[in-house]
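Below is one structure; the comments refer to it alone.
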Amino acid sequence: MNQQEIINRATLFAKDILKNDATGHDFDHVIRVKEKAMYLQRHEGGDIFIISLASLLHDVDDHKLFPNHQHLENATSFLDAEDISETDKNKILEIIQQISFKGKDSQTPSTLEGRIVQDADRLDAIGAIGIARTFAFGGAKGRKLYDFTERPKRDMTEGEYLNNNSSSLTHFYEKLLLLKDLMNTDTAKKMAGRRHRFMQLYLKEFLDELNLNEDD
Ligand code: ADP
Ligand code: NI
């Protein structure tokens, strides 16, 4: 099997499925996750083929985008049509299931490759890009920009997290600000610090403009 050709086909497959997404999970997100995962791989090691395919396929069955999908149907049908060993297929599918944020039910992936793809996906959820994606998601779902009558919910179960309809600003407190301490690899921990500080600065400015910051 030619691994590069399989990676190229997976790229086209993900592009076809996600090209029209307007929730911040579009094909550009997939490419950023793959590039970030490759960067982490250079520092942390891990199997490049597994990391590439898991990155490229990680959102093709996302329940937020495809609520009616059978379990991992797109990723499975792609992998089944390729000449890939059962061991590698299972590793890739396992990573896709393990990386998603599910409140307190979030998992630490069992393989280095999974921990790298999870870090890459989470790095793309924070910082300047994370802020842009959060408001894009909120807009696409008809959520409010902010709602100060909401109290951020902590320690949500997977079910509570999936059914949660918080405003975009509340989402920072329910997920984005928690990610820095949930990074797996040392390389991602270092990258997360700067992005985290930028979000804190952004939130301060946001609240200052509303005159709601007590230390104004
Ligand atoms: P994962 O990609 O790990 O499954 P999420 O399901 O939390 O992660 O969603 C991915 C991104 O979608 C988040 O990082 C955020 O930008 C956006 N998002 C999810 N839920 C909300 C929400 N309630 N309000 C605004 N943005 C959200
Ligand atoms: Ni993603």
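In the numbering used here, the protein residues as written are -10 to 205.
No residue lacks a Cβ here, since even glycine has one placed at the ideal position from N, Cα and C.
### Message
For the ligand ADP, I want to know if residue 206 counts as a neighbour, meaning its beta carbon is within less than 6 Å of at least one of the ligand's heavy atoms.
### Response
For residue 206 there is no data in the structure shown, the boundaries of the chain being -10 and 205.
### Counted within 10 angstroms of its Cβ, other Cβ atoms place residue 63 as buried (16 or more) or exposed
buried
### Query
Comparing the CB of residue 185 with every heavy atom of the ligand ADP, is any distance shorter than 6 Å?
no
#### Entry: residue -8 - containing alpha helix (DSSP H), residue span
-8 to 7
### Query
Does the stretch 75 to 82 come close enough to the stretch 132 to 152 to have 3 or more Cβ pairs within less than 8 Å?
no
#### Entry: Heavy atom of the ligand NI within 6 Å of residue 48 beta-carbon
yes
### Task
Indicate, with yes or no, if the ligand NI has a heavy atom lying under 6 Å from the CB of residue 110.
yes
### Other residues of its chain near residue 158: CB distance less than 6 Å, five sequence neighbours each side excluded
135
### Task
My understanding is that residue 68 touches residue 177, with C-beta atoms under 8 Å, so please give their C-beta distance in whole angstroms.
Not quite, the Cβ-Cβ distance comes to about 26 Å (not below 8 Å), so this is no contact.
### Query
Which residues in the same chain as residue 139 place their Cβ atom closer than 7 Å to its Cβ, once the five residues preceding and following it in sequence are excluded?
155, 156 and 159
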